[in-house]
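For the sequence shown, the working numbering gives the first residue as 276, with consecutive numbering after it. Below: the structure, in structure tokens.
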Amino acid sequence: MVLTGILRHYAMVLLQSTPKKQTLEKLREHRSLMRGVNLRSNANVLSPSSFQNRKNYLVSAFKDGAFLADPDARGKPRPNPMSDPAAMEGMMGAMKGNVAMMVPQTLIMGWINAFFSGFVILKLPFPLTPQFKSMLQSGVGTRDLDVQWVSSLSWYFLTLFGLQPVYNFILGSNNTASQVTQQMAQMNPAGMMGPDQDPDKLFQNEAENLEVVDHYWILDGVEDRLLAKLT
Numbered sequence: 276m277v278l279t280g281i282l283r284h285y286a287m288v289l290l291q292s293t294p295k296k297q298t299l300e301k302l303r304e305h306r307s308l309m310r311g312v313n314l315r316s317n318a319n320v321l322s323p324s325s326f327q328n329r330k331n332y333l334v335s336a337f338k339d340g341a342f343l344a345d346p347d348a349r350g351k352p353r354p355n356p357m358s359d360p361a362a363m364e365g366m367m368g369a370m371k372g373n374v375a376m377m378v379p380q381t382l383i384m385g386w387i388n389a390f391f392s393g394f395v396i397l398k399l400p401f402p403l404t405p406q407f408k409s410m411l412q413s414g415v416g417t418r419d420l421d422v423q424w425v426s427s428l429s430w431y432f433l434t435l436f437g438l439q440p441v442y443n444f445i446l447g448s449n450n451t452a453s454q455v456t457q458q459m460a461q462m463n464p465a466g467m468m469g470p471d472q473d474p475d476k477l478f479q480n481e482a483e484n485l486e487v488v489d490h491y492w493i494l495d496g497v498e499d500r501l502l503a504k505l506t
């Protein structure tokens, strides 16, 4: 399993294409939207006047489309994402990642099912409740086996999802060997601004979210709270 993960990591390194640099306008568009999200998330650390000034500025700019990368396209229907070369390249990269991740897992699981189906390979040195039986004894037909015994198929899944610290030690924290790491890498880093989404609508939604924020300053009445603790 460790060797498979290492080979998967280097296969992904070879399959990955060099990411294209974003234009300054696109970066500003994305960073401005994230600025609004961060303002909502961290509003409590700002004084009422500071929060109100930032809120008024961002709400006005979001509604006016001041941060849009392409202001001329405002209000027009979005183009088909399938015709966008950048979107197609991202989809192909995600497909390559899925193939590199699923093919070795499918082959290893099929090999284990073919040659070691129903085998128990180890016994855990600590007792467990019967609720763990279905998780630790996949492929074992008997119901009378002690729950401490682990089947070959269950051990495969346990090692599949539990080898991330080993990969971090061998390959470093920025590796593609882990299934979880790879799935996160395939997500859009913005988390909300994809190629098929209208930036203007996202800005309008964020402006509405900022307008309804119930602001509370964490330092409001801090003197009274401190004196109450000391007395």
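All C-beta atoms in this analysis are idealised placements derived from N, C-alpha and C, irrespective of residue type, glycine included.
Could you tell me if residue i is buried or exposed, where buried requires 16 or more neighbouring beta carbons within 10 angstroms of its beta carbon?
i	result
residue 430	buried
residue 330	buried
residue 377	exposed
residue 287	buried
residue 307	buried
residue 399	exposed
residue 478	buried
residue 224	Nothing can be reported for residue 224, as the shown portion of the chain is limited to 276 through 506.
residue 375	buried
residue 372	buried
residue 403	exposed
residue 311	buried
residue 337	buried
residue 505	exposed
Residue i lies in the beta strand (DSSP E); which residues open and close that run?
i	result
residue 292	Where residue 292 is concerned, there is no enclosing beta strand (DSSP E), given that its DSSP letter is neither H nor E.
residue 492	Neither: residue 492 is in no beta strand (DSSP E) and is coded neither H nor E.
residue 395	395-398
To which residues of the same chain is residue i closer than 7 Å at the C-beta, ignoring the five residues directly before and after it?
i	result
residue 475	340, 343, 349
residue 491	319
residue 326	318, 490
residue 323	490, 492
residue 334	482, 485, 486
residue 407	422
What are the boundary residues of the alpha helix (DSSP H) that residue i is part of?
i	result
residue 422	Unbroken run through residue 422: none, as it is neither H nor E.
residue 312	299-316
residue 410	408-411
residue 334	323-339
residue 482	474-486
residue 401	Per DSSP, residue 401 belongs to no alpha helix (DSSP H) and is neither H nor E.
residue 441	439-446
My assumption, with CB atoms under 8 Å, is that residue i sits in contact with residue j. Please give the rounded CB distance.
i	j	result
residue 484	residue 303	Actually they are not in contact, since the Cβ atoms of residue 484 and residue 303 sit about 20 Å apart, beyond 8 Å.
residue 435	residue 276	7 Å
residue 446	residue 281	7 Å
residue 368	residue 292	6 Å
residue 405	residue 283	Between residue 283 and residue 405 the Cβ distance is about 35 Å, and since that is not below 8 Å, they are no contact.
Within a Cβ cutoff of 8 Å, which residues of the same chain sit near residue i, ignoring the five residues on either side of it in sequence?
i	result
residue 388	414, 428
residue 298	344
residue 301	344
Skipping 5 residues on each side, what residues in its chain have a beta carbon closer than 6 Å to that of residue i?
i	result
residue 279	379
residue 346	340
Query raised in the report: Using 8 Å as the Cβ pair cut-off and three pairs as the minimum, do the segment 397-412 and the segment 422-436 touch?
Result: Taking one beta carbon from each stretch, the segment 397-412 and the segment 422-436 have 3 or more pairs nearer than 8 Å; the two touch.
Report task. Would you be able to state if there are at least three C-beta pairs under 8 Å between the segment 395-403 and the segment 432-446? Result -> Look at the beta carbons and you see the segment 432-446 not touching the segment 395-403: under three pairs across the two are nearer than 8 Å.
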